[in-house]
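Written below as structure tokens is the structure these notes are about.
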Amino acid sequence: MGLISAGAYMCLLYLGAMIAPGVGFSGHLMVQVPWFVLNGAHVPAYGVLAYLLMRQLEQRSWPLSYALLTGSSAALVFGLWTEIRQGTVDGRFPSSDDLLLDATGVVIAAVILKIRAGRKQHPCPDPVVSRPSS
């Protein structure tokens, strides 16, 4: 089920990359959004993708280091592919800045997973609560 959700999410990202500015409802909506919001959306979008991929690999008993490397690589290759493909859409162009933002999201997702794994191995002890003596 998890890899299906990651695949469906990849389809959504791909479809978003194929929107032509000013064409159709989504294209007209796109031109209303400020450029910095559109560019900034790469960070959470690819962070979520990387998290989904890495988490699914980890749940399939992959060692964390392999899951992080493979999931982040897959997310970055997908980002590169969508940027190249975006060059075929009227009014859109590939951007190395977008790839850098994609990579930022991927790194954030990897750090979150690494921290989460560390907390599983070393959970915080329950706090000691002193009871008042009667």
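When you number the sequence shown by the working numbering, it's gap-free, plus one each residue, and the end is 120.
Every residue, glycine too, gets a C-beta built ideally from N, C-alpha and C.
Residue burial classification, residue i (beta-carbon count within 10 angstroms, cutoff 16)
i, result
"Ala61", "buried"
"Val19", "exposed"
"Tyr32", "buried"
"Leu(-11)", "exposed"
"Val97", "exposed"
"Leu87", "buried"
Three-way DSSP call (helix, strand, coil) for residue i in this model
i, result
"Gly73", "coil"
"Phe79", "coil"
"Trp48", "coil"
"Val114", "coil"
"Ser119", "coil"
Delimiting residues of the alpha helix (DSSP H) encompassing residue i
i, result
"Ile5", "Run containing Ile5: none; DSSP gives neither H nor E here."
"Trp21", "Trp21 to Gly26"
Beta-carbon separation (whole angstroms), residue i vs residue j, contact threshold 8 Å
i, j, result
"Leu99", "Arg41", "7 Å"
"Ala53", "Leu43", "4 Å"
"Glu69", "Ser51", "Contact doesn't hold; Cβ gap of about 27 Å is too wide."
query: Quick check: the segment 80 to 92 against the segment 43 to 63, are there 3 or more CB pairs under 8 Å?
result: With three or more CB-CB distances shorter than 8 Å, the segment 80 to 92 counts as touching the segment 43 to 63.
- request: Check whether the segment 72 to 80 touches the segment -12 to 7, counting contact only when three or more Cβ pairs, one atom from each stretch, lie closer than 8 Å.
  value: In short, these stretches touch, since the Cβ pair count reaches three.
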